[in-house]
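K.L.:
Input: one structure, supplied below.
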Amino acid sequence: SFKPFGVGNEQPLFLLEATPQQIRRIGADGQHLKLQFYQHGEMVEAIGFDFGKFAPFISQGAAVSVVGELQLNEWNGNVTVQLNVKDLAVAEWQLFDYRGKRHLSNVLPYIQHYKHNVIVSNSLEDVKEIASLENVEVITYDDDEHFFNKTEVLYIYDLPPDLERLETILACTKPESVHVNFQATEDAFLEPVPSREKFKKVYAYLAQYDTITFNRHLPHMMKLTKLTKEEISFILRVFYELEFISVKHDVITLNRHAEKRDLAMSKTYQKRLTQSEVERVLYYSTYDELKNWLKDRLSQSSKEEISHGL
Numbered sequence: 004s005f006k007p008f009g010v011g012n013e014q015p016l017f018l019l020e021a022t023p024q025q026i027r028r029i030g031a032d033g034q035h036l037k038l039q040f041y042q043h044g045e046m047v048e049a050i051g052f053d054f055g056k057f058a059p060f061i062s063q064g065a066a067v068s069v070v071g072e073l074q075l076n077e078w079n080g081n082v083t084v085q086l087n088v089k090d091l092a093v094a095e096w097q098l099f100d101y102r103g104k105r106h107l108s109n110v111l112p113y114i115q116h117y118k119h120n121v122i123v124s125n126s127l128e129d130v131k132e133i134a135s136l137e138n139v140e141v142i143t144y145d146d147d148e149h150f151f152n153k154t155e156v157l158y159i160y161d162l163p164p165d166l167e168r169l170e171t172i173l174a175c176t177k178p179e180s181v182h183v184n185f186q187a188t189e190d191a192f193l194e195p196v197p198s199r200e201k202f203k204k205v206y207a208y209l210a211q212y213d214t215i216t217f218n219r220h221l222p223h224m225m226k227l228t229k230l231t232k233e234e235i236s237f238i239l240r241v242f243y244e245l246e247f248i249s250v251k252h253d254v255i256t257l258n259r260h261a262e263k264r265d266l267a268m269s270k271t272y273q274k275r276l277t278q279s280e281v282e283r284v285l286y287y288s289t290y291d292e293l294k295n296w297l298k299d300r301l302s303q304s305s306k307e308e309i310s311h312g313l
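Residues in the sequence shown are numbered consecutively from 4, following my numbering.
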């Protein structure tokens, strides 16, 4: 049992540094915070009275430093050790994952808490509700990087056109935490670039006729090549860019004397490859994979800054 504390025998404070397996707001209005820590099969609870408002600021898998007083908690005849939280902090870099949940309501509590917030979006129109706030700076992927400022929190509201552009933004803004709020709109990763064999099938079909009418021949082409309408349309766009075919209204003509070019020379082909890679790394990755990718880029930019400083 704990000894009585008082004058000359002050109650000691204990420091607990660990990753909570559960973070929960409790109480009638969620004003209190409950953390559960597990190690070697043992569980320790930490209760922070009036700390409930800090729950959203502790990300998944983040190590927390908790200072508090030990107490005995008795419930239904079971006695457990409980830490009464007096203060807590998260020192490490944090990722808050709201992928597929593109709602401003998810970011407002954080924007109201921090002095410096940067939101990167494809369109200012999408975030106009909060763009006017004094502590918010909105940038787009097309903006000049020389105007990007360091921030406490970076909110990635849309997927970037390529990974390199996001790496540049991370290096310039040097955020202490990152929120991802984007969703995949192209599904390029789930609908990958057609194989070269599929390109050959469409070319072979065109070679049989020289000239076809797209809408009239499409069902037959789909049946013969066993490709979807989307795959055929994509392949034809690539062929058009490479000047393998000419298109006038609905009529497609094969250019048998076209210069030989690699498929990778097509902008449409390259864009799909890039989109697929962006979605694979940023959207369809696990929480840990995404966090490590972002962390590595921020770490790399810090090393380069130190190197340039020397």
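We put the beta carbon where it would ideally sit given N, CA and C, even for glycine.
Helix, strand or coil for D100, going by three-state DSSP, please let me know.
P.N.:
Strand.
K.L.:
Tell me the start and end of each unbroken alpha helix (DSSP H) in the region 255-298 that is at least 4 residues and wholly inside, in chain order.
P.N.:
Within the region 255-298, the complete alpha helix (DSSP H) runs of at least 4 residues are 270-281.
K.L.:
Return the bridge partner residues of F40 from the DSSP annotation.
P.N.:
Per DSSP, V47.
K.L.:
Would you kindly work out how many angstroms separate the C-alpha atoms of K204 and E282, rounded to a whole number?
P.N.:
In a straight line, the C-alpha of K204 is about 28 angstroms away from that of E282.
K.L.:
Can you give me the Cβ contacts of D253 inside the same chain, cut-off strictly under 7 angstroms, excluding the 5 residues immediately before and after it?
P.N.:
The residues are T216, F217, N218.
K.L.:
Is it true that the CB of F52 sits closer than 8 angstroms to the CB of L19?
P.N.:
Their beta carbons are not under 8 angstroms apart, which means L19 does not touch F52 by this criterion.
K.L.:
For the region 83-97 against the region 44-51, are there 3 or more C-beta pairs whose distance is under 8 angstroms?
P.N.:
Contact between the region 83-97 and the region 44-51 is present, because at least three Cβ pairs lie under 8 angstroms.
K.L.:
Counting Cβ pairs closer than 8 angstroms, one from the region 151-161 and one from the region 119-128, do we hit at least three?
P.N.:
The region 151-161 is in contact with the region 119-128.
K.L.:
First and last residue of the alpha helix (DSSP H) that includes L162?
P.N.:
Run containing L162: none; DSSP gives neither H nor E here.
K.L.:
Take the Cβ of H35 as the centre, count every other Cβ of all protein chains shown within 10 Å, and call the residue buried at 16 or more, exposed below.
P.N.:
The residue in question, H35, is buried, as its Cβ has 16 or more Cβ neighbours within 10 Å.
K.L.:
Going by Cα to Cα distance, which pick from E77, R199, P15, P112 is closest to A58?
P.N.:
Closest option to A58, Cα to Cα, is P112.
K.L.:
Verify whether the separation of the beta carbon atoms of L301 and L173 is less than 8 angstroms.
P.N.:
Yes, they are a contact pair.
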